[in-house]
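Residue numbers (this note's numbering): -19 to 549.
For glycine and all other residues, C-beta sits at the position ideal for the given N, C-alpha and C.
To keep things clear, I will list the structure first and then write my remarks on it.
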């Protein structure tokens, strides 16, 4: 498909002798249609060309040579050059590309590049709560989108199945295990033990020390501790799978922290040889003050047990060797920003090729907050994700029952709408923002929500079903799609692949969410202003084809976000 942005960049580069890729980076899509389809801010070149932006804009406009079949008009507004694309050419390009490629927007730009995405990562023996939702759905969306763009994508569920918390659970189980029915209700019962032992640790330092010692025994392979730990892990994974089944989550690797227990000694040996691993208050640390990080990275605690950082370093080394990654993403809460700054800096001491250390990237996100504030397992104040998803399904069912009680397969549709609503709500806003969970917003069929997009998709399916046929692209008269509402849809569809690329450039799935809202709204306007069925044959064919394109792209886009579409609602 013709790349209008590249064409504009090439012509500006020819006139200014500035690198074409540099120019392309600065070309914008204006928010208002009145400012053209693309705009170039000339102030970006003011320093390099030693001229005022309006002067640069005029120079470029006078010298530029662009085929009128590509650009129909150029205007200058202040220091901006606004480019208006030839609408007929745009329409032809989009329809031709769509006809040739039913997986519209799919590409091979990531061919032979490996992306590792570390996401979800719940803690074993703790509730899989609403706070884990963000990592799971943001990671899954990035996984899907990278894959769609041709990358070899590896999804890793780096389970929290190691650490002092297990020393606490082992101690609690030793003290009170017989009081709890762990086999029947593992997560809830283990949570009760965890809260109880945690309270005891606050009151009695000796108990806390015993818990730390239990974990050291676990690291050393003590048979009793290992047996209890294995039991906790197996029972927890069975419970977690219920949530993953509801969300449709799948992973290529379930290697959690415990997987690296026999790989940490190598990390300590490598760091020892650098001379940077020093003793501090009985622990062994890497001082990072010279790197602008004032908190040292603890590699080994004073009792000889390892830390999250040691295990993450072992994981980096293992993943570099196993997956030869070009990029390794860590999708976790912004509360872990310092941790990853430390780990990524220390990783530079492991003797890895710069390709790997440069490819490490933390993808932080804000918290999910209840109206009452933050959650904490220690305080017993959590909302289990399985309960929340089931409630979403129940609420969606009630709404569907009220709107269309005769609908068949209401249970299956409610599942797609309820879970889709929760997932879309999580992906609709910038990931770094904290999110307050509000049912009235999430399940609104009229707002910027998942149900609104699903409803728009169902409307397209209904129109296509009534039409009984999909016209061939060769039978479409492009001139009949030059009205404002049709062109608005065509422009949005044209930008689909570029939207997916922007998602991967910024690791920001909300860019795709906003795109899908814009497309759904554009179709609603098109539907309200244009009669689709019952028109003169040529016009009807053109509008049915437009509906068909919107339907497909809404379904592809929502699928990439991990959301299924109902065919009826």
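For the 7 Å CB-CB criterion, residue 260 and residue 120 do not form a contact.
Our two residues, residue 237 and residue 101, have alpha carbons roughly 10 Å apart in a direct line. For a cut-off of 8 Å, the C-beta gap from residue 430 to residue 533 is around 16 Å, too long to register as a contact.
In this structure, residue 118 places its C-beta atom within 7 Å of the C-beta atom of residue 489.
Straight-line spacing of the CA atoms in residue 41 and residue 467 works out to 26 Å. Taking C-beta atoms as the reference points, residue 139 and residue 369 fail to come closer than 7 Å.
A residue is called buried once 16 or more other Cβ atoms fall within 10 Å of its Cβ, and residue 32, having fewer, is exposed.
Across the structure, residue 518 and residue 510 are spaced so that their CA atoms are roughly 14 Å apart. With respect to the 7 Å criterion, residue 56 and residue 63 are not classified as neighbours on the basis of their beta carbons.
For residue 396, there is no enclosing beta strand (DSSP E); the residue is found in the alpha helix (DSSP H) stretching over 390 to 407. By the criterion of a C-beta distance shorter than 8 Å, residue 531 is surrounded in its chain by 437, 440, 441, 444, once the five residues flanking it on both sides are discounted. With contacts defined as CB atoms closer than 7 Å, residue 123 and residue 90 fail to qualify as a contacting pair.
A straight-line Cα-Cα distance of about 20 Å links residue 164 and residue 224.
Checking the DSSP bridge columns, you'll see residue 54 partnered with 63. Secondary structure in the region -13 to 19: the alpha helix (DSSP H) runs of 4 residues or longer, each lying completely within the stretch, are 0 to 6 in chain order. Here residue 312 is buried, its C-beta having at least 16 other C-beta atoms within 10 Å. Distance check between residue 186 and each of 172, 169, 151, 206 places 151 closest, using alpha-carbon atoms only. Taking C-beta atoms under 8 Å as the contact rule, residue 99 and residue 115 qualify, at a distance of about 5 Å. Here residue 178 carries a helix assignment [DSSP, helix/strand/coil]. Only residues of its own chain outside the window of five on either side were considered, and among them 337 have a CB closer than 6 Å to the CB of residue 328, listed in chain order. Secondary structure at residue 285: coil, using DSSP grouped into helix, strand and coil. Apart from sequence neighbours up to five positions away, the residues of its chain that approach residue 76 with a beta-carbon distance below 8 Å are -19, 453, ordered along the chain.
For residue 246, the enclosing alpha helix (DSSP H) covers residues 244 to 254. In the assembly as shown, residue 96 is a buried residue. Its beta-carbon has 16 or more other beta-carbons within 10 Å. By the 16-neighbour rule on beta-carbons within 10 angstroms, residue 35 is exposed.
Residue 294 is not a Cβ neighbour of residue 250, given a cutoff of 7 Å.
In the three-state DSSP reduction, residue 385 falls in the coil class, being neither helix nor strand. By the neighbour-count criterion, in which 16 or more other beta carbons inside 10 Å mark a residue as buried, residue 71 falls on the buried side.
Of the candidates 486, 324, 39, 110, 324 places its Cα closest to the Cα of residue 273. With contacts defined as CB atoms closer than 7 Å, residue 423 and residue 375 qualify as a contacting pair.
Taking 7 Å as the cut-off, the Cβ atoms of residue 12 and residue 19 do not count as close. Contact between the region 191 to 199 and the region 139 to 149 is present: 3 or more CB-CB pairs across the two stretches fall below 8 Å.
DSSP places residue 260 within a strand segment (E or B) once states are collapsed to three. Counting only unbroken stretches of 4 or more residues, the alpha helix (DSSP H) elements lying wholly within the region 160 to 207 are 166 to 183, 185 to 199, in sequence order. With a threshold of 16 other beta carbon atoms within 10 Å, residue 397 meets it and is buried.
In the three-state DSSP reduction, residue 74 falls in the helix class (H, G or I).
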